[in-house]
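Going line by line, the protein sequences match chains W and D. Taking this note's numbering, the leading residue of the first sequence gets 4, the next gets one more, and so forth. Taking this note's numbering, the leading residue of the second sequence gets -1, the next gets one more, and so forth. Every residue, glycine too, gets a C-beta built ideally from N, C-alpha and C. Since this is a predicted model, take the numbers as computed values, not measurements. For reference, the structure is listed below as structure tokens.
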Amino acid sequence: MIKIENLTKRFGRTVAVGGVSLEVAQGDSVALWGSNGAGKTTLIRCIAGLYRFTGRISIGGYDAQRDGKRARSLVGYVPQEIGFNDDQRVDAAIRFFGSLKGVSIRDTDGLLEPVQLAGHGRKRMRELSGGMKQRLALALSLIGNPPVLLLDEVTASLDVGGRRELVSQLTALARSHDRAVVFASHRVDEIAALATRVAILDKGQLIEILPVQTFAQRYRAETLLHLSIETPLRERAIELLQQTGIGARLNGRGILVPVAQGQRMRPIELLTQHRIPIDDIDLTSSADHGSHS
Amino acid sequence: MNGILTNVFLIARKDLRDALASRWFILYTIAFAGLGLCVAYVSAGASGLSGFGRTSAGLINLVLLVVPLMGLTAGAGAVAGDRERGMLAYLLAQPISRFEYITGRYVALAVALAMSISIGFGISAAAMAMKNATTEIAGYLLLVGLTVALAMAMLSVGMLISVLVRRTAVATGAAVFVWLVLVFGTDLGIMAGTLSLSLSIESLLGIALANPLQVFKMASLQFVDASLDVLGPAGLYAQTEYARSLPWIFASVLLAWIVLPLASAWVAMVRRSPV
Chain W
4 MIKIENLTKR FGRTVAVGGV SLEVAQGDSV ALWGSNGAGK TTLIRCIAGL YRFTGRISIG
64 GYDAQRDGKR ARSLVGYVPQ EIGFNDDQRV DAAIRFFGSL KGVSIRDTDG LLEPVQLAGH
124 GRKRMRELSG GMKQRLALAL SLIGNPPVLL LDEVTASLDV GGRRELVSQL TALARSHDRA
184 VVFASHRVDE IAALATRVAI LDKGQLIEIL PVQTFAQRYR AETLLHLSIE TPLRERAIEL
244 LQQTGIGARL NGRGILVPVA QGQRMRPIEL LTQHRIPIDD IDLTSSADHG SHS
Chain D
-1 MNGILTNVFL IARKDLRDAL ASRWFILYTI AFAGLGLCVA YVSAGASGLS GFGRTSAGLI
59 NLVLLVVPLM GLTAGAGAVA GDRERGMLAY LLAQPISRFE YITGRYVALA VALAMSISIG
119 FGISAAAMAM KNATTEIAGY LLLVGLTVAL AMAMLSVGML ISVLVRRTAV ATGAAVFVWL
179 VLVFGTDLGI MAGTLSLSLS IESLLGIALA NPLQVFKMAS LQFVDASLDV LGPAGLYAQT
239 EYARSLPWIF ASVLLAWIVL PLASAWVAMV RRSPV
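Take a look at the structure:
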């Protein structure tokens, strides 16, 4: 459905995406994963026809640059954030974007139902929360049932609750339709829920493409446990953890411990047994920040 | 997939609705109508029975200052505003071309400006009628038409600025700067240039014709008073040398100021990454 051949996009002298080739079939959901500046958004914007580039992208057989309108008629696109006109009503926006796609929409609630916005059609945009606006953007992208869906870090501007809701709706949508989906995300949990394959990008280069299971195994293991420990006890804590085979290193106000799933309590229990007080803990994933090595 | 005209119509209809509900439209309409009313009332009241000449001279000066600013700033905010809100990327990811987007945006703003100007002139005409001032309707309508043409030319320039500049604030600043240059480039600027550079009469006319504000002024005076004497040597020279072709020259210059910046905006949209 999507065929990308040797795509290169430059901004002045900077190569934002260099020589990327990728194919996405119907039913395939490819996550673009990488740190900020890796080229995820640029790649999605090239597919959406927003940037000119060298190389070739075809969507459903149509060239994205030469036959852009036809190619885009097959695409539903959701950006990180849309600044809707605050005074515009939700149902008016649906009718407008429907008309651009050549679809006449009478039942706006029918379109809002799958994203749990039924009954909000008569509201003004200013009355919607950020999460509701992103769900509306998703509903708009699904007008005309396009065979290609492009999602550009759609949860980036949402809080935890909004993100969870949107991901659950996206998961349901991705599984219930035979679409080709390309999405950019920093988050391993989103990728594990939505993707079938993961394209890892770094500085505009496509490093590798992994099945989602392999990706999840590799990067989920890199959950990092930050333990805040008083300065005099840090060296001792690291020594204790290393003696039991747990890697640990100094980091800012405490120590950093990479832990596997199901093993997150082990370092804490060990240090507590040895009467080393832990002032605070924090869990992050290196994968959530798109870093890889 | 829709055709070109359908998409232009859909975008124009949506943007016109947005424009008519926007603060800038209401503000511009009130300002233009208020000032037009003052001009008409004062000039008609001066003698109690005013000829159109005095009122029209007042209106022409009002138009020269206010209308270019309206057109330039309305255009400058259009594309840059959409870009800043993230709406431009979203719109251009739809099955529409950049030409359709620019044209639809332009048509909507041109209609909104034309409505604002017509309301202003309508109120002025009503004020003159109430004062029993005699008016020549054809001349008055011509002045309205020329004003709309000037607004459309300035809107084109504003939209070109809006495509080239990324931020709305910068686009608005650039629009105001262009407005200042054009306003200065009418009588005072030409006079200063003539004195300091010892320009020939042909050059003087050429400079005057390059400025859409000056063209509007010359065209309005010619249509209304059938004389360019008040513009001094350049006006007299134009009338003597190009008497019959002057209306065509004025129309062509104004049309070029509408078409060329708009076409440039479209080319810039296609060649550059617009988001």
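Cross-chain neighbours of residue i in chain W, by beta carbon under 9 angstroms
{"i": "D/I94", "result": "K72, R75, L103"}
{"i": "D/N59", "result": "What D/N59 touches in chain W: nothing, since even the nearest Cβ is about 35 angstroms away."}
Where the beta strand (DSSP E) through residue i begins and ends
{"i": "W/F186", "result": "183 to 187"}
{"i": "W/F14", "result": "5 to 14"}
{"i": "W/R59", "result": "57 to 62"}
{"i": "W/G257", "result": "257 to 262"}
Bounding residues of the alpha helix (DSSP H) (the contiguous stretch that carries residue i)
{"i": "W/D155", "result": "Unbroken run through W/D155 is the beta strand (DSSP E), 151 to 155; no alpha helix (DSSP H)."}
{"i": "D/S201", "result": "199 to 208"}
{"i": "W/I194", "result": "191 to 197"}
{"i": "D/N5", "result": "2 to 18"}
{"i": "D/R103", "result": "96 to 128"}
{"i": "W/T247", "result": "No alpha helix (DSSP H) holds W/T247; DSSP gives it neither H nor E."}
{"i": "D/S250", "result": "244 to 269"}
{"i": "W/V106", "result": "Premise fails: W/V106 is in no alpha helix (DSSP H) and is neither H nor E."}
{"i": "W/D112", "result": "111 to 115"}
Chain-ordered chain W contacts of residue i [CB-CB under 8 angstroms]
{"i": "D/G84", "result": "P82, Q83, E84, I85, G86"}
Cβ of residue i within 8 angstroms of any chain D Cβ
{"i": "W/G15", "result": "no"}
{"i": "W/F100", "result": "yes"}
{"i": "W/V78", "result": "yes"}
Proximity test, Cβ basis, 8 angstroms: residue i and chain W
{"i": "D/S271", "result": "yes"}
{"i": "D/N5", "result": "yes"}
{"i": "D/N209", "result": "no"}
{"i": "D/M267", "result": "no"}
{"i": "D/L148", "result": "no"}
{"i": "D/M152", "result": "no"}
{"i": "D/K12", "result": "yes"}
{"i": "D/L8", "result": "yes"}
{"i": "D/M(-1)", "result": "yes"}
Beta-carbon neighbours of residue i, restricted to chain D and to distances below 8 angstroms
{"i": "W/D90", "result": "D16, A19"}
Cβ-based neighbour list, residue i, same chain, cut-off 7 angstroms, excluding 5 preceding and 5 following
{"i": "D/V6", "result": "E98, T101, G102, V105"}
{"i": "D/F23", "result": "A17, A110, S114"}
{"i": "W/D283", "result": "S231"}
{"i": "W/V78", "result": "A51, I62, P149, V151, L153"}
Check: residue i C-beta below 7 angstroms from any heavy atom of the ligand SAH
{"i": "W/S171", "result": "What this structure holds is no ligand at all, so the ligand SAH is not there to describe."}
Cβ neighbours of residue i in the same chain (closer than 6 angstroms, five flanking residues each side left out)
{"i": "W/A121", "result": "D112, L115"}
{"i": "W/V163", "result": "none"}
{"i": "D/L47", "result": "Unreliable placement is indicated for D/L47, whose pLDDT of 40 sits below 50; no coordinate value is reported for it."}
{"i": "D/A123", "result": "none"}
{"i": "D/P259", "result": "S154, V155, L158"}
{"i": "W/F87", "result": "M128"}
{"i": "D/L140", "result": "F221"}
{"i": "W/H295", "result": "Summary for W/H295: the model assigns pLDDT 49, below 50, so the residue's position carries little reliability; its value from the coordinates is reported in the next sentence. Taken in chain order, the list of residues that qualify is empty."}
{"i": "D/I256", "result": "M150, A151, S154"}
Cutoff 8 angstroms; reference residue i; Cβ partners in own chain excluding five residues on either side
{"i": "W/I241", "result": "A251, R252, L253, I258"}
{"i": "W/T11", "result": "V18, V20, G21, G22, V23, F56, T57, G58"}
{"i": "D/L62", "result": "V181, T184, L211, F214, K215"}
**Prompt:** Which residues, in order along the segment 38 to 69 of chain W, keep a beta-carbon less than 9 angstroms from a beta-carbon of chain D?
**Reply:** R48, A51, G52, L53, Y54, R55
**Request:** Taking a Cβ distance cut-off of 7 angstroms, strictly less, list which residues of the segment 61 to 92 of chain D are near chain W, in chain order.
**Result:** R83, G84, M85, A87, Y88, L90, A91, Q92
**Item:** Residues from the segment 184 to 204 of chain W in contact with chain D, defined by Cβ distance under 9 angstroms
**Value:** none
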